[in-house]
Amino acid sequence: MLLQKVGDSYGQGYDYLVLSKIESTLGNYLTAYDYCQHGKQYFESPIWLGYINAVLGRCYQIKGDITKAEIVLKQTLSLWSTSNHIQGMSIAYKDLGNLYAFKSEYKQAQVYLEQSLEVSKKLGYREGSIHA
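Throughout the sequence shown, residue numbering follows this note's numbering, covering 594 to 725 in sequence.
Structure below.
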């Protein structure tokens, strides 16, 4: 594993998170899904669980399981909102906006994407800048 030390469950969880992001980027959504499921067991923090859920939600969307994607992405927003994780909230709003646009529910997409922009402005991001 990338960061694993003996007894380091955070390191293992983080490894699974990174691997899931790599696999989803490569289009290997089933493998990414498996990494997400394994990674969840290592995190208690709602912030880190949110990152796992965000990748998982995107995998569901790309696989075509829109109902599961919506459920997981709303859980992600809830985790990050409860934790007041502003950057995560911006990501969750964006992901939900993209999901609703994918579903051709443009009014709902607009609401979420505008919320993402508002939160991004609070973080001090300039319009037109790119953040990973």
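Here a beta-carbon is modelled for each residue, glycine too, at the ideal position from N, C-alpha and C.
- Counted as a single uninterrupted DSSP element, the alpha helix (DSSP H) harbouring Q668 occupies residues I659 to T675.
- Under the three-state reduction of DSSP, K696 is assigned to coil, being neither helix nor strand.
- When only Cα atoms are considered, C629 and G643 end up about 11 angstroms apart.
- Distance from Q668 to F695 at the Cβ level is roughly 18 angstroms; contact not present, criterion being Cβ atoms closer than 8 angstroms.
- Closest in C-alpha terms to W641, from the list S674, L623 and K700, comes S674.
- With at least 16 other beta carbons inside 10 angstroms of its own, K687 counts as buried.
- DSSP places N646 inside the alpha helix (DSSP H), whose first and last residues are P639 to K656.
- The beta carbon of L716 lies closer than 7 angstroms to those of I679, Q680 and S683 in the same chain, with the five residues before and after it left out.
- Per DSSP, reduced to three states, the secondary structure at L619 is coil, with no helix or strand assignment.
- Look at Q701 here: in three-state DSSP terms it is helix.
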